[in-house]
Structure formats: C-alpha cells, structure tokens
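One structure below.
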DNA sequence: GTTCTAGAAC
DNA sequence: GTTCTAGAAC
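In the UniProt record's numbering, the protein residues as written are 1 to 707.
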C-alpha cells in the first residue's frame with residue numbers, strides 16, 4: 001500500500017530480484033498487456049497465481065480499506081495476507097510522481113501532485129482485523145529497506161511473525177528532512193521501473209481533473225485537519241511508572257522487561273481508556289528499549305502504553321505529558337532519600353508527600369503498593385498535575401543491600417509480578433473513583449489557586465479550550481534532555497529555568513531598540529503607549545502584517561513570559577485586535593491571526609498580527625511559511641490561557657520550521673514555495689477546525705471562515 | 001531577520 | 001538552462 005511515488009514497484013522488484021521464493025507481482029499499471037488494467041484483472045491474476053502455488057505481491061495503492069478488502073477476501077485463511085505500507089512523506093511521493101510524468105510538462109506534474117494529495121487524504125492505515133496476519137508500516141527509507149530485507153530473506157516455506165510492525169504515528173506533525181530523502185540515490189536499477197509505477201492512478205484522476213485547477217482545491221470537509229493539527233489531545237488518566245527494582249535493586253533487565261510487558265498487557269485492557277507510561281531518566285535507557293521492543297512484538301496498543309525518557313517528576317512541565325498518577329519505586333520504610341527515583345519524587349513533591357504517606361502507612365513489604373493522594377500544596381500537584389503517588393516496593397536482588405533474595409529469581413520474578421499488579425491495581429482504583437481525571441480537571445484544580453490578575457469573563461472559553469501542550473515525545477524529549485543534561489537526576493528543582501539560549505546577533509536587535517527608544521524610530525511606529533509600540537513588519541509576509549512590541553526590558557521572547565506579564569499579554573492582544581478590526585473595516589475579506597513565534601529570530605517580545613492571505617513577495621522560504629502555519633506559531637489566545645493557568649507558555653520545537661509545506665486551509669501538501677503560493681492564492685477551503693475555535697481567527701462578524 | 005550563492009532539482 | 005533550496009555571513 002502506498003501513494004503513487006511511494007516506491008511500491010521498486011519494493012517488489014528489489015525483493016523479487018534476490019528472493020528464492022516464487023513471487024508474482026500483480027500490478028494494475030501493466031496487467032493489461034503491459035498497459036493499465038482493471039481491478040478485476042488484478043483479482044483474477046492474483047487468484048490464479050496463488051493456485052499455482054506462487055506468492056503474490058499486489059502492487060496497487062490500496063490506500064483505503066474498501067479498495068483492499070476484495071484482495072483480502074480473495075482467498076481463505078490458508079493463504080496468509082500481509083500488508084506492507086509505504087507511508088512516506090507526501091512531498092516525497094509527489095516529487096517522484098511529478099518526475100515520472102514530467103515529459104508532459106508542468107501541467108502533468110501539477111496533476112500528479114493533485115492526485116497524490118487527494119489520495120493521501122483518503123489514506124486509512126490497515127488494521128489487523130481487516131484480515132492481515134502481519135502489517136509493516138514504513139515511514140522512511142530506513143523502514144523501507146528493513147522491510148525489503150525481511151521479505152527478501154523469506155524462503156519458499158518460511159513464515160514471518162504475525163502482528164503490527166512499525167510506528168503508528170500517522171498523525172506525526174513533523175516530517176523532516178525531505179531533502180535528505182531526495183538526496184539519497186535511488187537504489188541501482190530502479191530508474192527503469194520507476195517510470196511505470198501506478199501511472200494509471202495519475203492518468204485516471206488527472207482526466208477527471210482536467211477542467212479543474214492545477215492543484216487540488218479541496219472544498220470537501222478537510223479531513224486532513226485531524227492529521228496535521230492540534231485537534232486531538234490526550235485527555236486521559238495516565239500512570240507514569242519507573243522500572244521497579246532494576247536500578248538499585250539490581251534486578252535483571254531482560255527478566256524485568258518481560259514482566260513489565262506481561263503485566264502491562266494484562267492491565268492495559270482492564271484499565272479502559274487509561275494509559276500507562278514507563279519512564280526512565282536515561283536517554284539510552286536499556287530497559288526502555290527492551291520493553292519497547294517486546295511491547296511492539298506483542299502488539300500492545302501504543303496509545304495505551306508508551307515508553308518515555310525523561311524526569312518522572314517533570315513530565316508535564318518538561319515533557320508536555322500530563323500524568324495523573326506517578327509510581328514511586330520506594331524503600332520499605334517509605335522514607336525520602338536513598339537516591340534514585342525515590343529521592344527525586346520525595347524531593348519534588350515536598351514535605352506534603354511525606355506527611356500524606358505517613359498518614360497512610362508506616363512501611364511497605366516487597367510486592368506491595370500503596371496509593372497516596374497528593375495534597376494540593378505539593379508542587380508536584382500544582383506544577384505537574386499529579387494527583388496521586390503510588391509507592392511500590394519491588395524485590396531486592398542487590399547482594400550489597402540488606403534483605404536481598406540471594407539471586408533467587410523464582411522468588412524475585414514472583415515478587416516483581418506482584419509489585420506491578422499491586423501498582424496497576426492501585427492505579428485502577430484511582431481511575432474508578434476519580435471517573436475521568438483529565439487535563440480539564442487539572443485545569444480546574446489549578447484555577448482554584450488564587451489568580452488575582454485573571455478576570456472571570458472567559459471561563460466558558462477555558463472549558464472548551466484545548467488543554468495546553470500536545471504530547472510530542474520525540475521532539476519534546478530531545479529539547480528536554482538537552483536542557484537537563486544527561487546526568488541531572490534526583491536533585492529536584494532549580495536547574496530547569498535556564499535553557500540553552502542563543503545569543504542575539506547584532507541584526508536581531510532592531511525591535512529591541514525600537515521598543516526601548518521609540519523616539520529614534522518615529523518614522524516606522526504607528527502607535528505608541530507606555531506598554532507597547534506598534535509597527536508594520538519591515539518584511540510583511542501577508543497583505544497586512546504588523547508587530548505589537550512589549551516595552552519591557554528583559555522580555556526578549558515568549559520563553560521569558562511569566563504570570564506577572566499576563567496583563568501585558570492581554571494589552572498586546574487588545575491592541576493587535578484593534579488594528580485587525582481596523583483593517584477589517586477597510587477590507588472585509590481579510591482574516592487575521594494573532595500570535596507569537598515559539599523561538600523568535602528578533603529580540604524583544606513581539607506579537608504578530610497577520611492576515612491569512614500570505615500574499616507577499618517577502619514570503620520566500622519554508623521557515624517563513626511554517627513559522628506562521630505550524631504549531632510553532634502560538635496563538636495569542638492560547639498563550640494568554642496557558643500563562644494564566646500554568647505561569648508559562650508552551651513553546652514548540654524549531655523542527656516544525658522544516659515541516660513539509662501544507663496549505664493552511666485545506667492542508668494539502670506542496671513540493672515547494674512557488675507551488676504552495678500558487679495554491680494558496682486561490683484556495684478557499686474552510687480553515688481547520690482548530691483555528692475556528694476560541695477566537696484564534698479574527699474576521700468580520702457574520703462572515704464565516706467555515707464556508 | 002535578510003541577502004547571497006553553490007549546487008541540487010527540475 | 002532555469003528554478004529552488006539550504007546554509008553561511010551579516
């Protein structure tokens with residue numbers, strides 16, 4: 001399965017060239033005497049090849065379930081069905097498709113892009129319950145090569161293990177480094193096969209689209225919105241737990257990982273929609289990779305069980321992962337200290353946890369766990385949204401410590417199983433009694449704290465608002481580890497405020513100087529008050545693009561913003577809004593968005609007020625586009641919400657800037673800036689749902705960005 | 001932030 | 001040959 005240009009034919013060819021298995025490739029592009037044929041021809045061809053005892057590749061896009069269902073149904077269970085999904089970046093597929101139809105000139109190329117876009121919008125990843133014994137999802141060239149190797153090595157009577165392989169993050173927000181893919185040489189000999197990959201799809205769709213514009217204008221419901229935007233947020237009870245007994249208690253990692261996976265598998269379904277997260281501080285954690293591999297083998301739902309490298313006491317503030325409960329691998333006295341996770345959690349939770357723990361129990365025996373509700377005075381509660389700590393004691397295999405099991409792994413494994421059962425039972429009891437402890441609850445809890453600066457007028461918005469940060473493990477984790485350094489551990493607080501900051505270059509000082517010395521810049525300033533200065537962006541990226549500068553020394557960027565700046569943020573928003581409305585009164589077709597760059601290039605906090613036409617000669621590169629049209633752009637309304645609730649705004653990774661180019665309305669992908677600009681100049685699709693909410697878009701009253 | 005430009009992509 | 005991107009310099 002895969003879009004045109006994803007490399008299906010190449011895949012088959014490379015396998016068949018070396019494989020000792022009798023393969024037959026059924027390709028709709030060539031099945032009609034070397035020309036494109038029909039689906040029925042493919043079905044018949046496949047059936048007869050199977051009857052002859054051959055193995056068959058169905059070389060066909062098969063992106064939606066309906067298309068592939070007939071092939072799965074073709075033969076009974078005696079024939080094993082596999083899916084290999086070439087889920088490569090849209091841009092790469094487009095680029096290859098355009099290349100192979102290029103002889104017809106640009107128009108053809110443009111249609112290829114349109115077709116790939118359209119097809120990808122219909123993409124449904126296959127599921128095992130469609131009838132596949134094995135599914136392999138390839139998301140980059142490395143995955144593809146691995147799958148090629150796997151199938152090449154498959155002898156005539158060999159079998160592959162069943163299950164789902166490959167990451168399922170179909171809604172990955174960042175697809176980086178397209179150029180890296182393109183720079184790679186195609187495998188030798190593929191150039192002659194590439195030319196006949198699925199032209200039928202392109203031709204037939206291209207014919208249908210002959211009268212339409214060169215690029216897809218999706219006037220349909222923008223399905224891609226859910227894939228590329230921030231709409232879906234995890235809002236579910238989550239337990240973060242460290243690996244029990246494998247650190248100080250020296251429990252064998254391989255055995256421990258087996259038990260973790262076994263117990264997770266047992267509980268993951270009992271827990272309903274709740275989620276389990278195995279956490280380890282180390283970036284190269286052996287236990288994490290063992291567990292990850294074994295969980296994948298067992299096909300455990302990756303939405304319900306994840307592994308996460310990071311500091312368990314800062315999962316929300318540093319990792320963007322909100323966990324309702326965290327497990328503490330403690331000692332039998334339930335006392336702080338001793339190093340490791342126990343020391344870290346007691347230290348981060350403050351004396352409140354010690355008191356609450358004492359009130360619950362005096363000691364703990366191996367294999368047991370106790371649930372301790374965390375008082376709201378604990379920083380773990382207020383900062384991280386953790387409502388419960390579950391202390392758990394595992395078996396001790398460390399001969400240097402008292403009461404060790406003398407290498408008795410029969411007993412050790414039994415106790416470790418008990419420990420995880422007790423832990424997950426404890427979590428289950430929280431889930432049951434709390435109903436749905438969610439981010440919303442977390443936010444409600446936070447709101448209980450006195451917030452003098454906060455008006456009560458927008459409470460309604462808050463309830464609907466999408467809770468703060470998305471979970472984006474890889475990105476988050478990378479920057480997170482960079483900040484913490486590899487060995488920052490149990491010491492607790494104090495080292496997280498300072499991030500690695502680039503120094504400002506001389507060219508980055510212009511806005512700072514304007515804000516601090518407005519009198520020197522009278523010619524460009526269009527409004528000035530004690531709090532802010534407003535000016536037109538020197539290189540506007542849209543018809544209307546202005547900046548509202550904060551006039552506070554030391555407030556260089558969003559990362560510097562704290563709760564004390566809430567009033568200022570609201571002032572800036574108000575000023576920006578006023579200007580947007582002024583522009584709207586002159587041109588009622590404009591639509592505005594107000595927000596900040598997560599990592600600005602210019603010093604001095606500045607709010608962008610920018611019209612959504614992006615019609616500008618200054619918009620020249622990917623960074624320009626993505627800085628306004630990826631999660632890197634933080635809407636002012638969200639920043640205000642986050643700062644008022646958490647005291648800081650979430651910043652998104654700079655990697656978003658190299659994300660593939662997608663239309664901000666219909667979310668279609670485009671191979672380069674000129675093509676993107678040609679598309680957006682006429683795309684009238686409705687904006688993604690995310691932008692239609694909470695006043696993120698500013699437009700004329702009565703006008704509807706939805707139509 | 002932009003400009004410049006080599007070299008890749010087309 | 002022309003278009004486009006990415007990285008360095010500023």
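All C-beta atoms in this analysis are idealised placements derived from N, C-alpha and C, irrespective of residue type, glycine included.
- In this structure, the beta-carbon distance from residue 125 to residue 137 falls below 8 Å.
- Taking C-alpha positions only, residue 558 is separated from residue 530 by approximately 20 Å.
- Under DSSP, residue 611 takes part in a beta bridge, and its partners are 592.
- Annotated three-state conformation of residue 32 is strand, per DSSP.
- Close CB contacts of residue 349 within its chain, under the 6 Å cut and outside five residues either way in sequence, are with 378 and 380 (chain order).
- C-alpha of residue 413 to C-alpha of residue 259: approximately 8 Å in a straight line.
- Annotation: residue 300 is outside any alpha helix (DSSP H) and is labelled neither H nor E by DSSP.
- The Cβ-Cβ distance between residue 287 and residue 246 falls below 8 Å.
- With 16 or more other Cβ atoms from the protein chains shown falling within 10 Å of its own Cβ, residue 625 counts as buried.
- Under the three-pair Cβ rule at 8 Å, the region 539-555 does not count as touching the region 651-669.
- With a 10 Å radius around the Cβ and a threshold of 16 neighbouring Cβ atoms, residue 515 comes out buried.
- Under the three-state reduction of DSSP output, residue 603 falls in the coil class, being neither helix nor strand.
- Sequence-distant partners of residue 635 (beyond 5 residues in either direction) whose C-beta falls short of 6 Å from its own C-beta, in its chain, are 595 and 696.
- Nearest in C-alpha terms to residue 421, of all of 400, 663 and 244, is 244.
- Per DSSP, residue 381 is not a residue of any beta strand (DSSP E); the alpha helix (DSSP H) it occupies stretches across 379-384.
- For the region 611-687, the full-length beta strand (DSSP E) segments reaching 3 residues or more read 633-635 along the chain.
- Residue 58 sits in a strand when the DSSP states are folded into three classes.
- When C-alpha distances from residue 545 are compared across 411, 610 and 360, the shortest belongs to 610.
- In the displayed model, residue 556 falls within coil according to three-state DSSP, outside both helix and strand.
- Only residues of its own chain outside the window of five on either side were considered, and among them 22 and 24 have a CB closer than 6 Å to the CB of residue 54, listed in chain order.
- In this chain, residue 701 is not harboured by any alpha helix (DSSP H), its DSSP state being neither H nor E.
- Exposed is the label assigned to residue 621, since fewer than 16 other Cβ atoms lie within 10 Å of its Cβ.
- DSSP, read as helix, strand or coil, puts residue 328 in strand.
- Taken through DSSP and simplified to helix, strand or coil, residue 242 comes out as strand.
- Between residue 85 and residue 2, the C-beta spacing is below 8 Å.
- Between the C-alpha atoms of residue 292 and residue 308 there is a straight-line separation of about 10 Å.
- Between residue 281 and residue 257 the beta-carbon gap is near 17 Å, outside 8 Å, which marks them as no contact.
- DSSP places residue 17 in the uninterrupted alpha helix (DSSP H) bounded by 8-18.
- Going by C-alpha positions, residue 97 is about 41 Å away from residue 700.
- In the displayed model, residue 567 falls within a helix according to three-state DSSP.
- Classified as buried, residue 652 has 16 or more neighbouring CB atoms from the shown chains inside 10 Å of its CB.
- Beta-bridge partners assigned by DSSP to residue 528: 533.
- The alpha-carbon separation between residue 77 and residue 154 amounts to approximately 20 Å.
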